[in-house]
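For the sequence shown, our numbering gives the first residue as 2, with consecutive numbering after it.
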Amino acid sequence: MNTTSQRPVIGIPMDWKEKGTYKLPYYAIRDSYFNAIWDAGGLPVGIPLLEAAGNDYVRFVDGVMLPGGDYPSPSRWYGDGHGIPDEHPRSIVNEQMIRDLLLLDKPFLAVCAGMQEMAVATGGLLHWRVADAIPSEINHRMLTPSEIAHTVKAEPGTLFAKLVGNEPYPVNSQHFEAVKLIGAGVIVSGRAPDGVIEAIEVPGKRFALGVQWHPEMGFTEQDHNLLVGLVDAARR
Numbered sequence: 002m003n004t005t006s007q008r009p010v011i012g013i014p015m016d017w018k019e020k021g022t023y024k025l026p027y028y029a030i031r032d033s034y035f036n037a038i039w040d041a042g043g044l045p046v047g048i049p050l051l052e053a054a055g056n057d058y059v060r061f062v063d064g065v066m067l068p069g070g071d072y073p074s075p076s077r078w079y080g081d082g083h084g085i086p087d088e089h090p091r092s093i094v095n096e097q098m099i100r101d102l103l104l105l106d107k108p109f110l111a112v113c114a115g116m117q118e119m120a121v122a123t124g125g126l127l128h129w130r131v132a133d134a135i136p137s138e139i140n141h142r143m144l145t146p147s148e149i150a151h152t153v154k155a156e157p158g159t160l161f162a163k164l165v166g167n168e169p170y171p172v173n174s175q176h177f178e179a180v181k182l183i184g185a186g187v188i189v190s191g192r193a194p195d196g197v198i199e200a201i202e203v204p205g206k207r208f209a210l211g212v213q214w215h216p217e218m219g220f221t222e223q224d225h226n227l228l229v230g231l232v233d234a235a236r237r
């Protein structure tokens with residue numbers, strides 16, 4: 002446990018951008034992740050995608066929030082020929098970080114693309130395009146995370162249900178892909194009305210939860226409870 006602050010230190014891995022505003026590659030992420038962790042009682046810190054330092058960061062922080070993002074994903078995530086043949090820096094670093102977090106039983110919350118990283122890091126596979134794989138009236142790729150897209154219902158008896166309750170509640174949605182298969186030791190703990198997997202977790206760990214939407218936007222009390230749950234687990 003970090004002793005420099007009464008607030009538990011929650012690491013947030015950064016997104017890596019090859020080009021854009023700056024002439025050289027850079028890190029970037031929405032400030033809503035940092036604000037949400039602070040509001041939940043944690044001390045947020047950014048984690049760069051340094052492969053050699055990944056385990057050092059895992060040991061330094063009290064917990065991790067793996068954010069959403071949009072980056073080229075490797076073909077091994079899908080098993081059907083989609084994706085790129087190479088690896089993006091984020092897929093390499095974040096998947097290993099998730100495995101290290103599970104090994105050390107450090108609390109983490111994986112959000113949107115972070116949940117997809119959690120799924121594949123634990124032996125699962127993804128749908129390349131959820132709209133093609135699971136035809137539905139629900140739009141899982143809303144233009145902005147500030148819109149409500151659908152509801153999610155928790156599976157009774159799960160960590161997810163303990164945090165948000167058993168009644169369906171509204172969430173936003175910004176994902177193309179979705180979890181198709183989960184790995185050994187992982188359970189599905191929440192679904193959308195059309196059956197799309199919206200939450201997964203690893204039972205027996207202090208806090209190992211992934212959600213497919215963006216709770217850091219803080220639309221509902223349940224969303225805030227997810228962040229508080231992570232921070233409380235990290236504090237313990």
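By construction, the Cβ of each residue, glycine as well, lies at the ideal position given by its N, Cα and C atoms.
For D106, the CB contacts under 7 angstroms within the same chain, skipping 5 residues up- and downstream, are K206, R207 in chain order. Of the candidates I38, S33, D32, K20, the residue whose Cα lies closest to the Cα of A235 is I38. Annotated three-state conformation of E156 is coil, per DSSP.
For the 9 angstroms CB-CB criterion, Q117 and A179 form a contact. One Cα belongs to W17, the other to L50, and the distance between them is close to 7 angstroms. DSSP, read as helix, strand or coil, puts I183 in coil. For K163, the three-state secondary structure derived from DSSP is helix. With respect to A155, N167 sits close: the two C-beta atoms are nearer than 9 angstroms. Residues of the same chain with a CB within less than 6 angstroms of the CB of A114, apart from the 5 flanking positions on each side, are G69, G70 in chain order.
Taking C-alpha positions only, M119 is separated from D32 by approximately 22 angstroms. With a 10 Å radius around the Cβ and a threshold of 16 neighbouring Cβ atoms, S74 comes out buried. For H128, the enclosing beta strand (DSSP E) begins and ends at 126 to 128.
Each of F161, E96, E138 was checked against the Cα of P194, and the nearest Cα belongs to E138. Pairwise C-beta distances place the segment 60 to 67 out of contact with the segment 76 to 85, as fewer than three of them are shorter than 8 angstroms. Shown here for E96: same chain residues with a beta carbon closer than 7 angstroms to its own, the five before and five after excluded, namely E118, V121, A122 in chain order.
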